[in-house]
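Below is one structure; the comments refer to it alone.
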Amino acid sequence: MKRRTFLTGGAVAATSSVAAPAVAQGKRELKMALAWPLNYPGYGTSAQILAKKITEATGGRLTVKPYGANDLVPVAEMFDAVAEGRVDMYHAIEYYWEDKDPAFNFFASVPFGLSPIEMDTWLNKYGGQELWDDLSARYNIKPLAAGNTGVQMGGWFNKPIRSEADLQGLRIRVTGLAAEVYRSFGAEPVVLPGGKVVDALSAGEIDAAEWVGPWNDMALGLHRAARYYYHPGFHEPGTQISVGMNLDLWIGLSEGEKELIKMACRTEAVRMLAEFNSRNAAAITQLVRSGNNEIIGFPDNLLNEFGKASSDVAMRLADSSEHAKAIFDNFVSARYQLLRWTKVAEDAFLLARRLPFNYDRSEALGLDRDVSPGEDGSGQQLLRQGSREVPGETRSSVDAEPKIIDVQPD
1 MKRRTFLTGG AVAATSSVAA PAVAQGKREL KMALAWPLNY PGYGTSAQIL AKKITEATGG
61 RLTVKPYGAN DLVPVAEMFD AVAEGRVDMY HAIEYYWEDK DPAFNFFASV PFGLSPIEMD
121 TWLNKYGGQE LWDDLSARYN IKPLAAGNTG VQMGGWFNKP IRSEADLQGL RIRVTGLAAE
181 VYRSFGAEPV VLPGGKVVDA LSAGEIDAAE WVGPWNDMAL GLHRAARYYY HPGFHEPGTQ
241 ISVGMNLDLW IGLSEGEKEL IKMACRTEAV RMLAEFNSRN AAAITQLVRS GNNEIIGFPD
301 NLLNEFGKAS SDVAMRLADS SEHAKAIFDN FVSARYQLLR WTKVAEDAFL LARRLPFNYD
361 RSEALGLDRD VSPGEDGSGQ QLLRQGSREV PGETRSSVDA EPKIIDVQPD
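Counting with UniProt numbering, you get residues 1 to 410 for the letters of the sequence shown.
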């Protein structure tokens, strides 16, 4: 799911001014503006849980009250409202603020960027948080990671996508950096608010649409609008949810209060990712059992081209501002170093786990083998994979030994 989704979805009239935090007998009410509806699955619900965590952790000294999209201020004004102190904090995704500085994209998700655990590692061990703090401080905001959707899906298509030729003239609902990637292949990115995507796809006004993952996509009804569901979501390999607090407010808090807020954000980030994993697992199972859709992997040759185009987009992003260049250099160095470890750790284990040995005793337990790894180890009973090897092509992103800037973890 990308930026401006809720910015264009019918704003509720906002108040012209918002009071400073309410303070009574040493207690303070903090107003948190959301970029999504208050009860939007996974997003708005996470904000409500976070607000409760902060309130309870501080013993009510800080009472956080969340407001749904446009209820407090228009979503498009959230960033400035927090910076100016008209609102205490926001709950959003940092790429919403790319008009302020394109560098904010790095702290949300970029095509072929970092997985959720890699993002967490970059922020906490490779200097990413300090770079984020410095960028946001220029706008009088203190940023905190507060959640992650995990890897998203590639989108819904009304025709098979086998090569670059299938992208020519493709009208796809996609925005942000992913739109730039698709545009480089001759596709025609279209911006539509969530409430109009399903109807547009069903009516043939667009040919494809990217949203989030099976949980949110099915709630929207996309599985009824298109047959082919592609993976992986290379464009958003782990979208980070963030909280931005007014910096003056943050500085005025006690060290204990700051630590409690950080702890609440961190525990909610873990909980949110677990929820997305479990909800998406249930939703993808439902899709498979229904038999109405084809869940297909993008072919490797096309993913390789997506990767090249994504690299070009990232380089242009790095050249877009002074801050973006410094952040990009640190980001990509950490990415390469983490990639070396991931290759022999998570990647190797996940490939090994797909071998055809019977581990889960699914037949004895009465489990549905249709949602277990395929007997050939490829998982094709669940997912139709793209080609694993492409003659004449190299799987260069992992195997290459790039020259990197020496950024060491602390």
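Using N, Cα and C, we set each Cβ at its ideal position, and we do this for glycine too. All figures in this text were calculated on a predicted structure; none of them were measured in a lab.
- In the DSSP assignment, residue 163 falls outside any alpha helix (DSSP H), carrying neither H nor E.
- Per the coordinates, the alpha-carbon of residue 356 lies some 39 Å from the alpha-carbon of residue 184.
- Remark: fewer than three beta-carbon pairs, one from each stretch, lie closer than 8 Å, so the segment 188-197 and the segment 226-234 are not flagged as touching.
- Taking all protein chains shown into account, residue 341 has fewer than 16 neighbouring C-beta atoms within 10 Å of its C-beta and is therefore exposed.
- Rounded to the nearest whole angstrom, the CA to CA distance from residue 216 to residue 284 is 11 Å.
- Looking at the backbone, the Cα of residue 64 and that of residue 114 are separated by about 30 Å.
- The alpha helix (DSSP H) runs lying completely inside the segment 174-253 and spanning 4 residues or more are 176-183, 194-202, 214-220 and 247-252, given in chain order.
- Residue 332 carries a helical assignment under DSSP once its states are collapsed to helix, strand and coil.
- In the structure shown, residue 122 adopts helical secondary structure according to DSSP, grouped into three states.
- The alpha-carbon of residue 345 is positioned some 18 Å away from that of residue 237.
- Residue 159 counts as exposed, since fewer than 16 other beta carbons sit within 10 angstroms of its beta carbon.
- In the displayed model, residue 155 falls within a strand according to three-state DSSP.
- Per DSSP, the beta bridge partners of residue 148 are 240.
- For residue 262, the uninterrupted alpha helix (DSSP H) segment begins and ends at 255-290.
- Here residue 157 is not near residue 203, since their CB atoms are 8 Å or more apart.
- Distance from the CA of residue 125 to the CA of residue 187, rounded to the nearest whole angstrom, comes to 38 Å.
- Counted as a single uninterrupted DSSP element, the beta strand (DSSP E) harbouring residue 63 occupies residues 62-67.
- Residues of the same chain with a CB within less than 7 Å of the CB of residue 34, apart from the 5 flanking positions on each side, are 44, 47, 66, 67, 68, 69 and 91 in chain order.
- Rounded to the nearest angstrom, the gap between the Cα atoms of residue 50 and residue 76 is 22 Å.
- Boundaries around residue 27 are those of the beta strand (DSSP E), 27-34, since no alpha helix (DSSP H) includes it.
- In its chain, beyond the 5 residues on either side, 155 and 174 have a beta carbon closer than 6 Å to the beta carbon of residue 210.
- In this structure, the alpha-carbon of residue 332 lies about 34 Å from that of residue 85.
- Assigned with DSSP and collapsed to three states, residue 169 falls in coil, not helix or strand.
- For residue 164 and residue 181, the gap between their C-alpha atoms comes out near 12 Å.
- In the three-state scheme derived from DSSP, where H, G and I count as helix and E and B as strand, residue 142 is classed as strand.
- For residue 297, the enclosing beta strand (DSSP E) stretches over residues 294-297.
- Ranked by Cα distance from residue 323, the options 172, 128, 83 and 248 are led by 128.
- The Cβ atoms of residue 106 and residue 261 do not sit closer than 8 Å to each other.
- Taking residue 62 as the centre and dropping the five residues before and after it, the same chain places the C-beta of 28, 30, 54, 55 and 257 closer than 7 Å to its C-beta, in chain order.
- For residue 272 against residue 241, the beta-carbon gap comes to about 7 Å, under 8 Å, which counts as contact.
- Within the same chain, and ignoring the five residues on either side of residue 287 in sequence, the residues whose Cβ sits closer than 8 Å to its Cβ are 214, 218, 223, 229, 293 and 295.
- Residue 146 is positioned such that its CB atom lies closer than 8 Å to that of residue 269.
- Rounded to whole angstroms, the separation of the alpha carbons of residue 310 and residue 358 is 38 Å.
- Across the structure, residue 78 and residue 352 are spaced so that their CA atoms are roughly 46 Å apart.
- A Cβ-Cβ distance of about 30 Å is found for the pair residue 276 and residue 60, leaving them out of contact under the 8 Å criterion.
- Using a 10 angstroms sphere on the CB of residue 337, the tally of other CB atoms reaches 16 or more, which defines it as buried.
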